[in-house]
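Quick note, the sequences are listed as chains S, H, C, A and D, same order.
Taken in order, the first sequence gives residues 18 to 522; the numbers are from this note's numbering.
Taken in order, the second sequence gives residues -1 to 73; the numbers are from this note's numbering.
Taken in order, the third sequence gives residues 936 to 1186; the numbers are from this note's numbering.
Taken in order, the fourth sequence gives residues 3 to 206; the numbers are from this note's numbering.
Taken in order, the fifth sequence gives residues 27 to 523; the numbers are from this note's numbering.
Even for Gly, the Cβ is constructed at its ideal location relative to N, Cα and C.
Notes for the one structure printed next.
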Amino acid sequence: MTEQAPILILLFPFLTAIFVALLGAKVPAASWPLTIASLGASICATLTTLIQVLENGTIRYYVGGWAPPFGIELRIDGLNALVAVTVATVAFLGAIYSKDRVESETENKGPQYYALYLLLAAGLLGIVITGDAFNLYVLLEIAALTSYALLAMGNKRATLAAFKYLIMGTIGASFYLLGVGYLYIKTGSLNMVDIQEQLIANGLQDSSTVQVAFIMITVGLWVKMAFFPLHAWLPNSYAFGPTTSSSIMAPLVTKVMIYVMVRMVLTVFGPVYAFEVLDWGNIVVWLAVIAILAGSIGALAQKDLRKMLTFLIIAEVGYMVGGVWLVDETGMTGAIYHIISDAFMTLCVFLFAGIVFAKTGARDIYAVDGLFKKMPITMIGFIVGAFSLIGIPPTAGFFSKWYLIQGGINSGNWEYVIALLISSLVNAVLFFRIIEIAYFGKKPAEGHIHHHGDDHTKISEAPITQLIPLLGTAAIILLIGIFNKDLVAVIQDFLEPFNLVAGIR
Amino acid sequence: MIILIFLILTAFISLRVKDLLSAAMIFGVYSLLMCLLWAGMGAVDVAFTEAAVGAGVSAVFLISTILRTSRRSSD
Amino acid sequence: MKFLGLLTVLITGFLLIQAERDFPDWGDVNSPASSYKLSQHYITQTFAETSVPNMVTAVLADYRGYDTMFETVVIFTAGIAIIGILRVFGSNIKPDHPEVVLTKKKPDLIVETTCRLLIPIIQLFALYVVAHGHHSPGGGFQGGVIFGASFILLALARDLQYAQQWVPENRILNLAGIGIFIYAGFGVASLLLGGNFLDYGVLTAIIPGDVKDAHSHSMLGVEIGVAFTVTAIMFSIYSSLSSNGHMKEGI
Amino acid sequence: MVAIEALADKFNYWVYIVIMMIGLYAMVSKNNLIKKLIGMSVFQTAIILFYVSIGYKDEATIPILYHDQVHGAHHAEEGDHSDEGAHHDETHAMEAIAKEATHHGNDHAVDADHAEVDEHEADHVIDAHVMHNESDHAFEAGHGGLDIDPNQFENPLVHVLMLTAIVVGVATLGVGLAITQKLYGEFGTIEEHEIIEQLRTGND
Amino acid sequence: MNPAITSSTPLLACLASLAAVLPILLLRKSPNLRESATFVAGFIKFGLVVSMLPTILGGTQIEYTLWQILPNLSIAFRVDGLGMLFGLVASSLWILTSLYTIGYMRGLKEHSQTRFVAFFAVSLSATIGVAFSANLFTLYLFYEMLSLATYPLVTHHQDKEARTGGRTYLSYLLSTSIGFVLPAMIFVFLKTGSSMEFAEGGFLAGHVSGKEALILLLLFTFGFAKSGLMPFHSWLPAAMVAPTPVSALLHAVAVVKVGVFCVIRVFTGVFGLEFLKTMDIATIIAWAAAFTIVVSSLIALTQDNLKRRLAFSTIGQLSYIILGVALLSDRAVIGSMAHIAMHAVGKITLFMCAGAIFVASGKKYISQMDGLGKKMPITFAAFTIGSLSVIGLPPTGGLISKFYLVTGAMDAGQTALLIVFLVSTMLNAAYLLPIGYRAFFPKDPELARQPFSWKNTEEASLPCVLPLCITAGLALVLFIKPQFLLNLAGLMVGHGG
């Protein structure tokens, strides 16, 4: 069965989702174990695939037995095997966390929640493993629809934000679709690899249609990943949606979109076209710099814990977009490595925010007041995530910054390096502010109104279903930090054939 | 050609008109025109689907929401 | 906001016009999209490989069957999503917003009779559209939507609760799920028989006939699955939207 | 008139841009949520129009084989191919023959790749081969022309894609409407600025 | 290249205190057992460090590669003369400070002692890690670890003052290390493509242009802000909110010395003295250090809070060390390295005295200490010895290192800087000596007339007083037997001292 592993990655969560939706009406209690089991199985499938890729190189799985370009193929190489493992693992951890929170945060719609959750996971996994540009669009829409619903289950603000997200997300996806249409009109193909072959074979380097296709796809994905000026939908939706929803969406949705962008740049258009024919690297890096700074400044201005974290996501998106456009192998490595590490870092801090919200019922950063005493284990988990976002060794975040900065220096994009450093410092300020509040246990002098008041003293350690994912994530952050060499070796193997410009300009 | 011009007109009007119920109806007309256009271009399956989905079900969804919420629109 | 919208539109429009300069002429048979082996293969080989004359059906359900499965899932997702967003379970019913005044429908003889006559015909036609999708325009989606529309018509003509007597909420969801299970079932069956996912060719082991027939029959099967799901979800969405999630009374 | 002629070559392509921009403008700048959603649908249909336009070919018909073609193809397998496609003029058919021949060559190449890459599908590939050989055989035997002329039919692929896009569109519309209803239940209005105003003044 | 052997002793020495964290946490219910765990770890650590001493003195280095964490980059340990010197100082003083901690913390009945002791142990691991790092990357790793591990120590009181102090502390240290050192390190990594192993004579020569070298040097020197070079010095006075054992060990020995240690490493191991000489870029650092020395001494004069005065004194003394290496002459560099040890011993004595005074009398301000020498004669005697050592007067070890520094300045032909040395020595004397003097010979005739009697003494408890006596004794011993320190330092500049 191992040669069927690629499709099983998807089938487990996807079929279970439908099963959960049907069974949920009668046996709601079965939803959670089924979710966990299917995501666990999916992790196994992704790992099997990863091992196969490492052993035998790229896997091409022809769905329906039709050879591409006639049929749809799942094309798994080092890059998406890694991302798939990440997606499955994050989804798994997030699902464990959901157990105690779903009922209270989604108005007793547990089964629907889990069904949508699994469909989101399936959609994201599908996006990651597919090798067909149009198939990607369909899965993009599955992921998007589930996201809208998962967010709209939250409070008033989240509902409005979900609507905004729906509009923006549809614009983004439609731009993508239009871009694929332009590629199709010029090449006649939908298979990613085949598109690139046709682009080269037909000499379409100068075609304005292909250029616009590139812009449309990139901008569409930027909308979906909340790249700075196009980020308006993100902060409120992740900050006010159910914590369970944001704990899977915040780490995964933007990261998967970045993966798609990398895929488009490298596999569909090819680095030569994306970076040399269209020499926009510097402009995009500047945009990324603005995004990083804007995200950091936005985060500084927030008093709401989760909203602050959402602005950090925007800054991190800037990291990765910039990293891709540094046009440097190390920078690209850093960007891809950051996709993985950032997924776990974001998961870690969002889980923490969720736990704090669950325990105190408060959203602002003063909710962590004195938590070091009351929930030391939770805080340890959080500190690992926070350190990683700041970039303190040996957490994963440090190493992604290491590669990204290296790429920035290598390609001479000093503005990017400086922006990264500033953002690290801002992260340090942000997280030490939280750590300080948690450590000193002082109420703010201004007499800030707390929703919780006296029951503060009753707060104790989080339940085990919330601790396991938090600590698991923290452990993974450390592990992928310490073993980053192996991870990076896989990424560099993947990048090698693209022959990205290396060396100092 | 005529269809195309009408298409632009209906799209424009459905977004201009202040009464949402009329907007939904005109949107249905727009979909139907679109469906005719596609049928003319030989895309029968697409036209068929659009006739059932765009002009039929979408319009019904819109109308049921409008009746459940509010008919007026500020723009 | 207006300014922003205008700006977006201008920039995007400019880009699209730029792109359009390089398009092949409309209807040009030599454009890459038409002359590339991909579409030509579908046109010339479909019948030989699947014995389905309607290329759209064949491409939809076979060559790109994976897409279509997820297309069905999109519909299903929408159904679940809308239930997740709107549905109010049990006694936790908030009063309707006062602005929404819904009058209880009086039975109307003309409407009712017309519907009584029309609905079976519509449903029959829907079945025909599903079943005859191999040879004429149509297929699971179109048929499913029409079938779903017949229930919507029923709900409009009488009221939602009446229609729900025929298709209660739970049964509707089960139907939708079964539809996807049918679709995926063909895929899983081909997995189990040693082929790739959705590789209908290997189903000759359980479907009589040669490889082409296996393709053709499996396509019919998945189209039926699609029809199930689409029927169910269309009506489910309608019931949720028209009753504001209470499933009590429609519009 | 000349200008219109020039326009007409790509007229569909112009119209889709206009419609799309109308939809996009509505999505970005309308205040009413339902208006936004209608704009979204218009926007998506415009893209569908674009795709369908790609698939259009002059003098081609709907992508469903006629009965006699089907019939003919059946016969081809049995070695009894009837003469069809009489409505084509001679030169056209010749061109098509040439094209078809190269095209078949391509197919084999691809299938050979296929066999190499994915061995466990070998059975299936061989089946496909057999079928190709049969049709080639029919063609080489010169039973009065081709099975199918690719230029005779619209491109079916874009139709398939657009079926999917329509379905996605209606699904998104449905979810959007559901969110609108929920917002109306919470705020009592479906005007975006009024909702934002409520959030700002409200003590949420 | 020196001969080297592979052994895991450096790693074990580094981990010894880290491993102690677990028993410390487990034994939190019984303070005595907990403290003994610390001592056991301390002695093991010291033993391990000492066990390597003969090998190092013999001119052989000890290497150990733990883990290759990045392509071409490993976490690796290497013990050489400088590392040995610093490791010796840190590990020996830890034992004494642990003893002192018991007296101080219990004397004041501080809260959360377990946390305190545990983080203390972690900090020590980081310090030894820095001392034994084989490359720039490992150095950076432990440097960051030290910054973070000391944060809970600095903010131990968890009050408003501690919060502000801790905030300054971390913001200075983290912003400089992330903002300056990290990019500089990555740049070096990119330019050389090497594993950034410290090498005798540096590894940067030939890889960078003059301008780049200057920028890198500035980034590194100011980036290691633990060295307290102005203008990045404010964290040090701010960190004085910490309990005194922390100030004593960390801010006289571990943290600040890690800063200057890193600077020395960068000068000797990364750039190489020869390279710096040819580039002629170290002068600017020398002047920055000279400026810091004078200004901080002047500020110290104005401080009334004893710990703050000592803090500014530390800033000045650290800059001696930096100035020493920046002079680039062999003798000055040896002086610098020796000064790490000499100043550590002297300054820790002073801090311990300050703590002992606070424990016994609750007095923090110098103006309150008039005549206190009669109540705490031992403490103030030790204080005086410490002062002498810091100033660089006989019969203390401070003289030796100052001597080398001054002669080194002469070698380098920097007369102006020589004057700085001399002036600052005066200033040192001016701000340190009066404290001891006034304690024994108060201005107030009332106090002066009080007769001295051993019976009237109110010394702090034994665990408080004993360590400071030992360190004061050490300061004296180092005057007589400085040779092995000088030998260790000499190893770094290519001859046996």
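How would you call H:Leu13, buried or exposed, if buried means at least 16 neighbouring beta carbons within 10 angstroms? H:Leu13 should be labelled buried.
Close-in-space but distant-in-sequence residues of the same chain around C:Ser966 (CB under 6 angstroms, 5 per side omitted): Non-local C-beta neighbours of C:Ser966 in its own chain, meaning closer than 6 angstroms and more than five positions away in sequence, comprise Pro959, ordered along the chain.
With D:Glu89 as the anchor, note down where its beta strand (DSSP E) starts and where it stops. It spans Gln87 to Leu96 - the beta strand (DSSP E) in which D:Glu89 sits, taken as one unbroken run.
By a C-beta neighbour count over all protein chains shown, 10 Å radius and 16 as the cutoff for buried, is D:Met452 buried or exposed? Around the beta carbon of D:Met452, fewer than 16 other beta carbons lie within 10 angstroms, which makes this residue exposed.
Mind checking if H:Val58 is an interface residue toward chain C, Cβ cutoff 8 angstroms exclusive? At least one chain C Cβ lies under 8 angstroms of H:Val58.
Does the beta carbon of H:Val42 sit closer than 8 angstroms to a beta carbon anywhere in chain A? So yes, H:Val42 belongs to the interface.
Thinking just about the alpha-carbon of each residue, which of S:Ala243, S:Gly339, S:Met337 and S:Leu364 is nearest to the one in S:Gly489? Ranking the options by Cα distance to S:Gly489, first place goes to S:Leu364.
How many whole angstroms separate the CB atoms of S:Leu512 and S:Met349, which I take to be in contact at a CB cut-off of 8 angstroms? Sure, about 6 angstroms apart at Cβ, within 8 angstroms.
For a cutoff of 8 angstroms on Cβ pairs, would you count C:Lys1082 as touching chain A? For clarity, residue 1082 of chain C is Phe in the given sequence; the question names Lys instead. Output row for C:Phe1082: interface = no.
Mind checking the region 1100 to 1118 of chain C against chain A and listing, in chain order, the residues whose C-beta falls within less than 7 angstroms of any C-beta there? So nothing in the stretch comes that close.
Is any beta-carbon of chain S found at less than 8 angstroms from that of D:Gly205? Yes, contact with chain S.
Please confirm if the region 70 to 79 of chain S is in contact with the region 487 to 506 of chain S, defined as three or more CB-CB distances below 8 angstroms between the two stretches. Output reads no: the region 487 to 506 of chain S does not touch the region 70 to 79 of chain S.
Indicate whether at least one CB of chain D lies closer than 8 angstroms to the CB of S:Pro259. The C-beta of S:Pro259 comes no closer than 8 angstroms to any C-beta of chain D.
Among D:Met222, D:Ile341 and D:Asp330, nearest to D:Met256 - alpha-carbon criterion: Considering only alpha carbons, the answer is D:Ile341.
Min CB distance S:Lys324 to chain C below 8 angstroms: By this cut-off, S:Lys324 is not an interface position.
Any idea what DSSP makes of C:Ser1071, helix, strand or coil? C:Ser1071 sits in coil when the DSSP states are folded into three classes, being neither helix nor strand.
According to DSSP, what are the bridge partners of S:Arg77? Beta-bridge partners assigned by DSSP to S:Arg77: S:Arg92.
Are the beta-carbon atoms of D:Asp546 and D:Arg464 separated by less than 8 angstroms? Because chain D here runs from 27 to 523, residue 546 of chain D falls outside it and cannot be looked at.
Looking only at its chain, what residues have a beta carbon closer than 8 angstroms to the beta carbon of H:Leu31, apart from the 5 residues adjacent to it on each side? Taking C-beta separations shorter than 8 angstroms and ignoring five residues to either side along the sequence, the partners of H:Leu31 in its chain run Ile1, Phe4, Leu5 and Thr8, following chain order.
Just the Cα atoms here: how many angstroms apart are D:Thr153 and S:Ala436? C-alpha separation (whole angstroms): 31 angstroms.
Identity of the residue in S:Ile202, S:Glu20 and S:Leu495 nearest C:Leu1127 by Cα: When only C-alpha atoms are compared, the closest one is S:Glu20.
Members of the region 23 to 45 of chain A that neighbour chain H once the beta carbon cut-off is set at 9 angstroms: Against chain H - using a Cβ distance shorter than 9 angstroms - the residues of the region 23 to 45 of chain A are Ile24, Gly25, Tyr27, Ala28, Ser31, Lys32, Asn33, Asn34, Leu35, Ile36, Lys37, Leu39, Ile40, Gly41, Ser43 and Val44.
Which residues does DSSP list as the beta-bridge partners of D:Tyr391? Partner(s): D:Asn331.
C:Val1009 and A:Val44 - do their beta-carbons sit closer together than 8 angstroms? Cβ atoms of A:Val44 and C:Val1009: not closer than 8 angstroms.
Under 8 angstroms Cβ-Cβ, which residues of chain S neighbour C:Gly1220? Chain C is shown only over 936 to 1186; residue 1220 of chain C falls outside these bounds and no answer can be derived.
DSSP three-state assignment for D:Glu223, whether helix, strand or coil: Looking at D:Glu223 - three-state DSSP - the assignment turns out to be strand.
Are the beta-carbon atoms belonging to D:Ala531 and D:Leu443 less than 8 angstroms from one another? Because residue 531 of chain D is not part of the residues shown, which for chain D are 27 to 523, the question remains open.
Taking only beta-carbon positions, decide if D:Ser151 is within less than 8 angstroms of chain S. Taking Cβ atoms only, chain S never reaches closer than 8 angstroms to D:Ser151, which makes this a no.
Quick one: list the residues of chain D neighbouring S:Pro50, beta-carbon separation under 9 angstroms, in chain order. Chain D residues near S:Pro50: none, gap ~36 angstroms exceeds 9 angstroms.
Nonlocal neighbours in the same chain, by C-beta distance under 7 angstroms from S:Ile212, ignoring five residues either side: If we look at S:Ile212 and ignore the five residues flanking it on each side, its Cβ neighbours are Ala150, Leu200, Thr204, Ser206 and Val285.
Residues sharing a beta bridge with D:Val105, DSSP: DSSP output for D:Val105 lists D:Ile88 as bridge partner(s).
Which ranges does the alpha helix (DSSP H) cover as unbroken runs of at least 4 residues, wholly within the region 448 to 483 of chain D, from first to last along the chain? Here the runs fully enclosed are 471 to 475.
Whose C-alpha, out of S:Ala139, S:Gly196, S:Leu247 and S:Gly414, is nearest the C-alpha of S:Ala34? When the alpha-carbon of S:Ala34 is set against those of S:Ala139, S:Gly196, S:Leu247 and S:Gly414, the nearest one is in S:Ala139.
Mapping DSSP to helix, strand and coil, what is D:Ala30? The answer is strand: DSSP assigns D:Ala30 an E or B state.
Going by DSSP, which residues form a beta bridge with A:Ile66? Looking at the DSSP output, A:Ile66 sits in a beta bridge with C:Asn989.
Contact belief for C:Ser1153 with C:Phe1121 at Cβ below 8 angstroms, rounded distance in angstroms: Their Cβ separation, rounded to whole angstroms, is 5 angstroms, which keeps C:Ser1153 and C:Phe1121 in contact under 8 angstroms.
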